[in-house]
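One structure is given here, and the rest of the page talks about it.
Protein chains in written order, with my numbering: chain A, 1 to 444; chain B, 1001 to 1460.
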């Protein structure tokens, strides 16, 4: 029996006559929202998610609750899962066996103890600056403390706890400028709140009085935040093993479809990212190459997808309640050797894109996506940032796009996502298809 | 439970709050899905918790915790008050618009409990659906049912006490054909299904088995159909496609939570659509997913006209925004799950009917397309560009429907598009569609509508 009290509880209630898995995720989130340069609200939530899967009579049953974690609550949820198994999908329920994990320091006391007063202290200089500069800042500063406990009937019992802190800001001005700032860290003492707010402010001031540009193909420089937005889309819609298992993906592992300068991988163990030792089935994390020199190398799998595809499990099970299938969430893209300034200076005519928004794959066969840029979009002419541009709409197929990457930035940045993160550089892409723009309306 | 909630309010006021409100939510959902005759998913979810808001010196504090006893209530109040008291506390000037206290109860009317049928009985029903779709050439057959029940209690420090029970039921089906022509799908009534406020009788009324054969046959026909032509055409959207499109447009334009000053500026002056288009946000829509007696601030939900004859005439507001702009709350405060604070959000969207039939709409097209069911929607607001891909289309030539075409998509600027509407079908062609997320659902009432000179592209 484990010394960890929660694991001890899970082992105590674990059925002995059937295959079963219990996953308990507890998340305490505290955040401060600010609007128009005032810290308006402090919010706090504490949720426990209890997810149970069982195999009984050759069928799999599931049950979820976010009740308070007690032995009797666990027994109720297991009982419900057993009932659901009577009409559940055919098994087997493939469980991860007991195994070792790399030890990692994911928990920082300073973050866990950060209260409203501490967060307000961090925000005060930022909001005072906004007032002095005549800018308007909206956003939030959040800290989260979480634990995952997983136990199953084949002997697995493991837990990990961690902390996160994130700062998001949207800066606007009366001159219709917009800038976004973001920073994240497990340790709030390392959070660069003021730096990211200043960066966003500079972008806002640079993007005043936007003027539209004609539709057409442009050279675009995607800043790391925009590349991170793109990676989220690709993670769920392209590297998701369930799509391949269900025959919905047109990708073939081993085929080169992107440029040979494109290298993307997932690694929950890399300390440059938001590390995690295992997935939601307890399968240990390891590096998984997704795209190697433009070749599709692997897709993310969980136990059942791996069995369906006859591949080894890659440790990417998501919480089944999300129903998204297995997808990578500790994504890295290989940096290049181009400084962002050099990318701009060497662009004759192009567009600098800060963020992307509203991304959708509209044609899975050609991997065509539609979306828009989101604030801080600037026109480049003869190597200089000459004017601001409103949010632009685009329709672009990813295959052509990632074959037209001319330059890759030398500095990768980290963006938190779910319990993981995305660590990516800037990209300069030729022939990006802009289809329109959003006329500017003043927003506070 | 009411005693515990009262205790929370008392403790918050004792601690100095000038206003407090608390919600208790207990929600149970069940979802059963079949794929190619086999159960793909049969599970249940339960979500329950308390959420407390306090107003202190013009600033909000908020705390949410799983349900417990007095100790949890004490922790909830302490956390919420701690967030607004002490040095470096938030500085605010929030006021709330006036309202009178209400003591009331509201329940979604239903004939059969949403959980009346056992999972086995639900699976039997879905197996009937699956059998109807099992036609040679159909690669994937999907069918699903979802039901839910939610108990709610709301109290505030002004004396409002509301008890509600909300129920919903719904489902859908999809046939997918994969061949050299690509992946073609037909869904009914929508991708993701459609859900309604009510009991299991809603699912029976949907008649999933009765719509299965046609759906499967259309998927096969679609796979053999030519690709949609590219060009500028007059198009007619069926009710399901217009509903999905309206959801995107209205969410982005008219939810002040997302675009506060935009909404305030445009009321009364902004042309959203052609004079044929009038839209209500109707929190009292019978069978609506967003329907309940009261919102998450204890304000009675109502039927609010937001677009009349093409002009935006109102916006939604809670008590805080209402006080800012000098209006009463519109009863539109909704929380995305019990653990989040409420914000002004759409309840249900009800387009008002036109006065022609679908046949008349088709008759008025010389060269165009009739499009059904959304496949992918990428819709913005105001003058934003958008692109929508439909599941299927039919050519219209000289006022008559001709053959089916596949991979149709259309794009435009949102406002230009809505302003190009010159025909709207009447009540006989009414469609109601419920879009259900795990935490917040919205129903949309829509009708087939005709739009002139729209860019259409057949995706290869």
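Quick reminder that beta carbons are idealized off the backbone N, C-alpha and C, glycines included.
This structure is a prediction, so every number in the text was calculated from the model and none was measured.
Taking a beta-carbon distance threshold of 8 angstroms, residue 1010 (chain B) does not count as an interface residue toward chain A.
Contact annotation for residue 1079 (chain B) against chain A: 44 [CB-CB distance below 7 angstroms, chain order]. The beta carbon of residue 1178 (chain B) falls within 8 angstroms of a beta carbon belonging to chain A, placing the residue at that interface. Residue 329 (chain A) and residue 417 (chain A) do touch by the CB rule: their CB atoms are close to 6 angstroms apart, below 8 angstroms. Distance between residue 1335 (chain B) and residue 1191 (chain B), taken at the CA atoms: about 25 angstroms. Annotated three-state conformation of residue 1179 (chain B) is strand, per DSSP.
Residue 1370 (chain B) and residue 1458 (chain B) have their C-alpha atoms spaced approximately 13 angstroms apart. The beta-carbon of residue 1064 (chain B) is placed less than 8 angstroms from the nearest beta-carbon of chain A.
Within the model, the alpha-carbon separation for residue 1080 (chain B) versus residue 1225 (chain B) is close to 60 angstroms. Beta-bridge analysis with DSSP links residue 1300 (chain B) to B:1294.
Around the beta carbon of residue 1019 (chain B), 16 or more other beta carbons sit within 10 angstroms, so the residue counts as buried. Think of a sphere of 7 angstroms around the beta carbon of residue 1040 (chain B): the chain A residues whose beta carbon falls inside it are 89, in chain order.
The beta carbon of residue 1230 (chain B) sits closer than 7 angstroms to those of 1456, 1457, 1458, all from its chain and outside the five residues before and after it, given in chain order. For the pair residue 380 (chain A) and residue 215 (chain A), the CB atoms are not nearer than the 8 angstroms cut-off. In this structure residue 1361 (chain B) touches residue 1423 (chain B) by the C-beta definition: roughly 5 angstroms separates them, less than 8 angstroms. Under the three-pair Cβ rule at 8 angstroms, the stretch 124-137 of chain A does not count as touching the stretch 147-157 of chain A. Contact check between the stretch 1195-1209 of chain B and the stretch 1160-1171 of chain B: three or more CB pairs, one atom from each, fall below 8 angstroms, which counts as touching. With respect to the 8 angstroms criterion, residue 220 (chain A) and residue 61 (chain A) are not classified as neighbours on the basis of their beta carbons.
Along the stretch 1279-1298 of chain B, none of the residues has a CB nearer than 7 angstroms to a CB of chain A. At a cut-off of 8 angstroms, the C-beta of residue 1136 (chain B) has no neighbouring C-beta in chain A. The three-state secondary structure of residue 348 (chain A), taken from DSSP, is coil. Secondary structure at residue 368 (chain A): strand, using DSSP grouped into helix, strand and coil. Residue range 1140-1156 is occupied by the beta strand (DSSP E) that includes residue 1155 (chain B). A distance of 8 angstroms or more separates the beta carbons of residue 331 (chain A) and residue 399 (chain A).
The beta carbon of residue 1005 (chain B) sits closer than 7 angstroms to those of 1022, 1024, 1153, 1155, all from its chain and outside the five residues before and after it, given in chain order. Put simply, the backbone Cα of residue 1217 (chain B) is about 8 angstroms away from that of residue 1135 (chain B).
Within the same chain, 1431, 1433, 1444, 1446 come within 7 angstroms of residue 1243 (chain B) by CB-CB distance, once the 5 residues on both sides are set aside.
Under the 10 Å beta carbon count, residue 1001 (chain B) is surrounded by fewer than 16 other beta carbons and is classified as exposed. Between residue 1240 (chain B) and residue 1408 (chain B), the C-beta spacing is not below 8 angstroms. Residue 1092 (chain B) sits close to residue 38 (chain A), with the two beta carbons spaced by under 8 angstroms. Per DSSP, reduced to three states, the secondary structure at residue 419 (chain A) is coil, with no helix or strand assignment.
Straight-line spacing of the CA atoms in residue 31 (chain A) and residue 1202 (chain B) works out to 40 angstroms. When CB distances to chain B are screened at a threshold of 7 angstroms, the residues of the stretch 386-413 of chain A falling below it are 393, 395, in chain order.
As for any beta strand (DSSP E) of minimum length 3 sitting wholly inside the stretch 253-313 of chain A, the runs are 264-266, 288-292, ordered along the chain.
Chain order gives no chain B residues near residue 281 (chain A), where near means a beta carbon separation below 7 angstroms; the closest approach is about 16 angstroms. Between residue 65 (chain A) and the set A:386, A:56, A:133, A:23, the nearest pair of CA atoms involves A:23.
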